[in-house]
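So the structure is just underneath, and the comments pick up after that.
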Amino acid sequence: MDSDLTHAMIRFGFGPLTGTVPATASARDWLRNQLRGPDPFLADPRSAGLPSGADALAARRDDVLTRKRILATGKPLKGNFKPVSRAMFLRDAQAQVDWALSTKAPFRERLVWFWANHFTTSIQQGGVAPLVGPFMREAIRPHVTGNFTTMVLAAERHPAMLLYLANAFSVGPGSRAGIRTHRGLNENLGRECMELHTVSLRAHYTQADVTNMAKLLTGWSIDPKAQPTGFKFRPMAHEPGSQIVLGRRFPPGEAGGIEALRFLSTHPTTYRALAHKLAWHFIADYPPQSAVDHLADVLTGTGGDLGATSIALISLKAAWTPLTKIKTPFDYVVSLARASGMAQPPVGLMLGSLRKLGQPLWAAPLPNGWSDHGSDWTGSDAVLARVDFAYTIAGRHDGAAPMDVAQSALGPLLQPATATAIATAGSPREALAMLFAAPEFQRR
Amino acid sequence: MTLALTRRASLLGLATIAAAGRARVALAAAPTDQRFVVVLLRGALDGMAAVVPYGDANLIRLRAPLVPDQAQLLDLGGFFAFHPALNNLHALYRANQVLPVHAIAGSYRTRSHFEAQDYLQTGIDHAGITSGWLNRLVGELPAGGVAGRGLAVGMGVPLLLRGSTRIASYAPAGFAKPSPDLYAQIAALNRPDPVFGPAIADGLRAARFDHAALAIPDDTTGTLKADAADETTPTHGYGFPALAHAAGRLLASTGGPRIAAFQLEGWDTHANQMNLLHAPLADLDTGIASLRTALGPAWASTTVLVITEFGRTARINGTHGTDHGTATVAFLAGGNVAGGKVRANWPGLAATQLFENRDLAPTADIRSLAKGVIQAQFGLDEASLARIFPDSTAAPAMAGLLRV
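Same order as they appear, the protein sequences are chains A and B. Per my numbering, the first sequence starts with residue 1, numbered consecutively. Per my numbering, the second sequence starts with residue 1001, numbered consecutively.
Structure below.
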């Protein structure tokens, strides 16, 4: 196989899908074509019937009521309580992981997971489990080739984010609800949308900027009846008066928060931070400064066009240097499943494996998401767990000859030592374990 | 002591160091039965929820809904009290083996979790250092990194333990295990690789040791088996109590690691704090009790340091939680800890006494606490301390932390 195409499939995708070869003459064309049109998952039958954000909010509310009702009857929860929201989480997880395993547009899919990690929402906090799937489909997927500001607005207004970063119940102390209930601000979303999602600490904002941003976002709340996402602005909870953030004055009302996010999402330090993060993710843990500068220039020049920036990314010379990034557990599990030709592995196996490898699905421990540094994933025990995982999955494979799997997975990147190890292995399972534990299979 | 170390050392491929004459002298000079465990609470523990300053008249004014009933509080001598979830720590406190240090913070004031966590782990209040102070401590121990070899518990090595000294890690298994022969072939295939070569080699050596120390039968059949548990082993595999129990047994074993680090999440309580903080505090409490059980007699020579990146706002916020603040509480626990009291230069909670009219004001530096405890535990001199915590002259080592 063409070595540029193999390189593109591994660096920008989740590795080749066994038994399929992209019909294209050029690796760059293959990547570029994936950025055209809407996200293909949203039109795929596998996404049909998945809940909207509002549906998930309703299920979450109903589960609380059911739980109370069972407890009130004195029955134990175990065996009697089957949370609908948990089933929703599993169904969405299954559908979106399956999609990553089988997609013919893996570059676009990598971008989806990249941006979902940038705007981390996590089932670890806020009862967000059934909402992360809708968040991916409603706030991230539609915008990965669109405008960054649009994505910021979709992400910060989604109930998954509003619950995860606890803005949904934040109340302006001077608002009518605030005066009546003596409730007040929660500054979590105000802070993290600046630190993590937009301007970053490089903008040198102050505590007053954080508090004021939190005030602008008061009233950004949730309602299970507000289809499709469940976002609802509650004017009663909104802090009256204009607020200054980073030296700019913004008016009160829902529009004030939107205007502030527009300002933050187009700030020069935002573009620099995004450029660095993209180059870091796709090129190297310490990407060349020229690559970062170029991406920042494209973001600035296009006013945050993520499609144009993604094309700029694959046009960089640095994007075609040898693969040095260590796959995260998610990338490793997905690429291994794609290479091994497991059709629809059970969702339990995928979720359990990700947890054991240290990256449980949609469950980052903190709002800065999963690390993109190789050193965070290569502790001796973590690496040994990958070896054991490789061996476990190799035991489920009963198809093509291991050498064919190796050639399909790595093409010209297959190293002679690995090829020899596969050729002389004692069994097909051992041969596949060697392939999946080989150093060149661990990188992207 | 050298003999005692040899097994672990040879398992770790370090037999030549242990057998060398100079190392023998160094080992003899080193108090190698000392154990040191750091528990990082990631997400900023509210110090005033864990160790409640109920004697401060302003506390109720600031956060009445976050203060448990007096009847539930576990008193610490008339001004402070433990959160009701900290039963085991309270019993240890009454045995003079727990020392809470209150109103403490790093030198960092910007309230970003992520910068603060980096500074807490590197021990430096600026960027650009990529090794952790606990790794540097291992490097400073007289045994040259053999006796003091560090252990990261749970998947992944925290920044605190990263650096030039190689560190083992332990996490419970859960996948099928290749045969020893296949492991060896995979190790050989990876040997030339600068990242995966050393990691796999270290992992295999440590796993062999860990299996022996934890009495896990070596599994070469490819089927899954649970840890061979004694009755006191907590059963849920990845929680802090289970990991602490396994780590305790490794730390207690002859020639095992002497330094370990954990990271625990669940402390970022922006909303509904009263309900949400109970479980992580109970987990911390049970985990330390479980560590103590597993250490057995070695608890007498163990010190556990519990730290978090910063505290939370003194006032309750609008959603019955607290936002990012400054000073918080840290704990020492262990057989030698000079506990049974709360160490605090209490700044007070009047509006004028709060830091930026918002947070508990810091009156102690976490680096002083860390320096004080490792100095007392390992007998390190000032030069060693300065290498472990560069640029920390403003934070001199605290005295009187251990009964040694």
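We treat Cβ as the ideally placed atom computed from N, Cα and C, and that holds for glycine. No experiment lies behind these values; they were computed from the predicted model shown.
- Residue state for aspartate 1075 of chain B is assigned as strand, using DSSP reduced to three classes.
- Secondary structure in the region 1030-1074 of chain B: the alpha helix (DSSP H) runs of 4 residues or longer, each lying completely within the stretch, are 1047-1050, 1058-1063 in chain order.
- A Cβ of chain A is located within less than 8 Å of the beta carbon of histidine 1113 of chain B.
- Isoleucine 140 of chain A and histidine 276 of chain A have their alpha carbons spaced roughly 20 Å apart.
- Interface residue (Cβ-Cβ distance to chain A less than 8 Å): asparagine 1317 of chain B is classified as such.
- The DSSP-derived three-state label of aspartate 372 of chain A is coil.
- For the 8 Å CB-CB criterion, lysine 215 of chain A and leucine 185 of chain A form a contact.
- Annotation: the continuous alpha helix (DSSP H) that includes arginine 1094 of chain B extends over 1087-1094.
- From the listed residues B:Leu1120, B:Ala1261, B:Gln1097, B:Ala1247, the smallest Cα separation to leucine 1076 of chain B is found for B:Gln1097.
- Just so you know, the alpha carbons of serine 1384 of chain B and leucine 1141 of chain B end up roughly 9 Å apart.
- Boundaries of the alpha helix (DSSP H) harbouring histidine 294 of chain A: 289-302, taken from the DSSP string.
- Burial state of serine 26 of chain A is exposed, judged by a 10 Å Cβ sphere holding fewer than 16 other Cβ atoms.
- Interface annotation, arginine 1035 of chain B: not in contact with chain A, CB-CB separation never under 8 Å.
- Of all residues in the region 1341-1374 of chain B, the ones placed with a Cβ closer than 8 Å to any Cβ belonging to chain A are Glu1356, Arg1358, in chain order.
- Ala166: these are the residues of the region 146-166 of chain A whose beta carbon lies less than 7 Å from some beta carbon of chain B, given in chain order.
- Contiguous alpha helix (DSSP H) elements confined to the region 150-217 of chain A occur at 159-164, 176-181, 188-192, 207-216, taking only those with 4 or more residues.
- Interface flag for valine 144 of chain A against chain B is unset, since no Cβ pair is found closer than 8 Å.
- Checking the DSSP bridge columns, you'll see glutamine 1263 of chain B partnered with B:Leu1040.
- Considering only B:Arg1094, B:Thr1254, B:Tyr1054, the residue with the shortest C-alpha distance to lysine 1341 of chain B is B:Arg1094.
- Residue-level contact check: leucine 1189 of chain B touches chain A, since one or more beta carbons of chain A fall below 8 Å from its beta carbon.
- As for any alpha helix (DSSP H) of minimum length 4 sitting wholly inside the region 334-391 of chain A, the runs are 347-356, ordered along the chain.
- Residue A:His204 holds the alpha-carbon nearest to the alpha-carbon of histidine 267 of chain A among A:Ala312, A:His204, A:Gly219.
- Excluding sequence positions up to five before and after phenylalanine 1079 of chain B, its CB lies within less than 6 Å of the CB of Gly1055, all in the same chain and listed in chain order.
- Contact between proline 235 of chain A and glycine 53 of chain A is ruled out by a C-beta separation of about 21 Å, above the 8 Å threshold.
- Within the region 1117-1174 of chain B, the runs of beta strand (DSSP E) at least 3 residues long that lie entirely inside it are, in chain order, 1150-1153, 1168-1170.
- Annotated three-state conformation of serine 122 of chain A is coil, per DSSP.
- The continuous beta strand (DSSP E) containing lysine 232 of chain A extends over residues 231-233.
- With contacts defined by Cβ atoms closer than 8 Å, alanine 1188 of chain B and valine 1037 of chain B do not form a contacting pair.
- With respect to the 8 Å criterion, isoleucine 123 of chain A and tryptophan 362 of chain A are classified as neighbours on the basis of their beta carbons.
- In the three-state DSSP reduction, proline 1297 of chain B falls in the helix class (H, G or I).
- A check of alpha carbon separations from asparagine 1275 of chain B across B:His1083, B:Arg1042, B:Val1039 identifies B:His1083 as the nearest.
- When beta bridges are read from the DSSP output, asparagine 147 of chain A appears opposite A:Asp305.
- Residue pairing by DSSP places tryptophan 220 of chain A opposite A:Phe233 in a beta bridge.
- Shown here, glutamine 243 of chain A sits in a strand according to DSSP, grouped into three states.
- The beta carbons of alanine 1081 of chain B and alanine 1364 of chain B sit no closer together than 8 Å.
- Of the residues B:Gln1072, B:His1278, B:Ala1049, B:Thr1165, the one whose Cα lies closest to the Cα of arginine 1063 of chain B is B:Ala1049.
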